Amino acid sequence: MAYLALDTATDYLSLAVSTPSGIVCHGEMVGQKHAELTLPRLQDLLTATGTELADLEGIAFASGPGSFTGLRIGCGIVQGLAFTLGIPVLGISTLEALAQASGQERVITCLDARMQQVYAAAYVRSESGWVSVCEPVVCNPEAAPVPDGSGWHACGSGFAVFPEALQARFAAQATAFDAALRPSAAQLLELAMPRFAAGHGLPAAQAELVYLRDKVALKTAERQQAGGH
Numbered sequence: 001m002a003y004l005a006l007d008t009a010t011d012y013l014s015l016a017v018s019t020p021s022g023i024v025c026h027g028e029m030v031g032q033k034h035a036e037l038t039l040p041r042l043q044d045l046l047t048a049t050g051t052e053l054a055d056l057e058g059i060a061f062a063s064g065p066g067s068f069t070g071l072r073i074g075c076g077i078v079q080g081l082a083f084t085l086g087i088p089v090l091g092i093s094t095l096e097a098l099a100q101a102s103g104q105e106r107v108i109t110c111l112d113a114r115m116q117q118v119y120a121a122a123y124v125r126s127e128s129g130w131v132s133v134c135e136p137v138v139c140n141p142e143a144a145p146v147p148d149g150s151g152w153h154a155c156g157s158g159f160a161v162f163p164e165a166l167q168a169r170f171a172a173q174a175t176a177f178d179a180a181l182r183p184s185a186a187q188l189l190e191l192a193m194p195r196f197a198a199g200h201g202l203p204a205a206q207a208e209l210v211y212l213r214d215k216v217a218l219k220t221a222e223r224q225q226a227g228g229h
């Protein structure tokens with residue numbers, strides 16, 4: 001029995017497969033080449049771990065938020081494989097996976113959303129898993145949702161892109177900032193495997209993505225106003 005996970009939500013492609021000895025993960029910066037690299041890298045990972053497609057019992061994927069194109073590519077691949085193999089799928093929030101990657105108990109997650117905005121949320125670890133105390137939103141850094149209390153671990157690419165605004169926003173809440181931390185397919189599997197075991201997997205046709213934003217690009221005038229090109 002094996003499970004597979006794909007994270008194509010950012011420019012960092014991440015794939016993971018569960019094996020008898022644990023989770024094996026592959027990740028690399030691919031920019032916008034998800035369409036051409038995901039399947040070859042997936043085949044390489046399966047070959048390296050001695051895993052056959054027929055061994056798979058379910059596939060997890062990053063359901064967003066993240067890159068519109070990357071998310072659609074990943075979801076399409078997952079649906080195609082799952083439909084062919086007759087196995088269930090599970091979408092996992094990119095921000096929840098980031099919280100899982102932190103290894104902390106109280107986590108503020110913040111990813112760069114382009115267009116001078118961030119994807120932000122806050123999670124607390126409970127016995128049954130992560131509980132969102134600030135629901136995922138897309139917003140300007142200065143408007144990121146602020147959880148109650150202190151002792152929070154703040155992480156994600158948003159803090160690399162907007163360090164001053166976000167550190168000021170969470171100055172009273174966060175005791176540590178990790179701008180380099182990113183979610184990966186390994187965390188998707190850690191979160192998905194218990195859910196698959198509990199029967200929460202869905203048919204491939206029911207796979208859904210969470211964009212949080214309807215608009216995919218700024219108009220020229222908006223970019224100039226924001227200081228872009």
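When we follow the UniProt record's numbering, the leftmost residue of the sequence shown carries the number 1, and every step to the right adds one.
Backbone N, C-alpha and C fix where the C-beta goes; we use that ideal spot for every residue, glycine too.
Note that the structure is predicted; figures quoted are calculated from it, not measured.
Buried/exposed call for residue i, threshold 16 Cβ in 10 Å
{"i": "GLN206", "result": "exposed"}
{"i": "GLU190", "result": "buried"}
{"i": "GLU222", "result": "Unreliable positioning characterises GLU222 in this predicted model, as indicated by a pLDDT of 39, which lies under 50. A coordinate reading is not provided."}
{"i": "PRO88", "result": "buried"}
{"i": "GLY129", "result": "exposed"}
{"i": "SER150", "result": "exposed"}
{"i": "THR69", "result": "exposed"}
{"i": "LEU212", "result": "buried"}
{"i": "MET1", "result": "exposed"}
{"i": "residue 236", "result": "Only positions 1 to 229 of the chain appear in the structure, and residue 236 is not among them; the question remains open."}
{"i": "ALA54", "result": "exposed"}
{"i": "ALA172", "result": "exposed"}
{"i": "GLN187", "result": "buried"}
{"i": "MET193", "result": "buried"}
{"i": "GLN32", "result": "exposed"}
{"i": "THR94", "result": "buried"}
{"i": "HIS200", "result": "exposed"}
{"i": "VAL161", "result": "buried"}
{"i": "SER126", "result": "exposed"}
{"i": "VAL131", "result": "exposed"}
{"i": "ALA197", "result": "exposed"}
{"i": "ALA180", "result": "exposed"}
{"i": "ALA168", "result": "exposed"}
Where the beta strand (DSSP E) through residue i begins and ends
{"i": "PRO136", "result": "129-139"}
{"i": "VAL17", "result": "12-19"}
{"i": "ASP154", "result": "Checking the displayed sequence, the identity of residue 154 turns out to be Ala instead of Asp. 152-155 is the span of the beta strand (DSSP E), which, as asked, contains ALA154."}
{"i": "GLY22", "result": "22-29"}
Residue j beta carbon less than 9 Å from that of residue i
{"i": "VAL137", "j": "PRO145", "result": "yes"}
{"i": "ALA9", "j": "PRO65", "result": "yes"}
{"i": "VAL107", "j": "PRO141", "result": "no"}
{"i": "VAL17", "j": "GLY91", "result": "no"}
{"i": "ALA48", "j": "PRO183", "result": "no"}
{"i": "THR51", "j": "LEU15", "result": "no"}
{"i": "LEU111", "j": "GLY58", "result": "no"}
{"i": "LEU42", "j": "ILE77", "result": "yes"}
{"i": "LEU4", "j": "LEU71", "result": "no"}
{"i": "LEU122", "j": "VAL133", "result": "Here residue 122 is Ala; the residue named in the question, Leu, does not match the sequence. Cβ atoms of ALA122 and VAL133: closer than 9 Å."}
{"i": "ALA204", "j": "ALA82", "result": "yes"}
{"i": "ASP44", "j": "HIS26", "result": "yes"}
{"i": "CYS75", "j": "SER67", "result": "no"}
{"i": "ALA120", "j": "GLY86", "result": "no"}
{"i": "VAL30", "j": "LEU46", "result": "no"}
{"i": "ALA154", "j": "ALA60", "result": "no"}
{"i": "THR109", "j": "ALA99", "result": "yes"}
Those residues which DSSP pairs with residue i across a bridge
{"i": "ARG125", "result": "TRP130"}
{"i": "LEU4", "result": "VAL17 and ILE59"}
{"i": "ALA120", "result": "CYS110 and VAL137"}
Residue span of the alpha helix (DSSP H) that contains residue i, given as start and end
{"i": "ALA48", "result": "34-49"}
Worksheet entry | Secondary structure, beta strand (DSSP E): runs of 3+ residues fully inside the region 160-203 | Taken in chain order, the complete beta strand (DSSP E) segments of 3 or more residues contained in the region 160-203 are 174-178.
Please go through the region 59-110 and give each complete alpha helix (DSSP H) segment of 4 or more residues, from N-terminal end onward. Counting only runs of 4 or more, we get 68-85 and 94-102.
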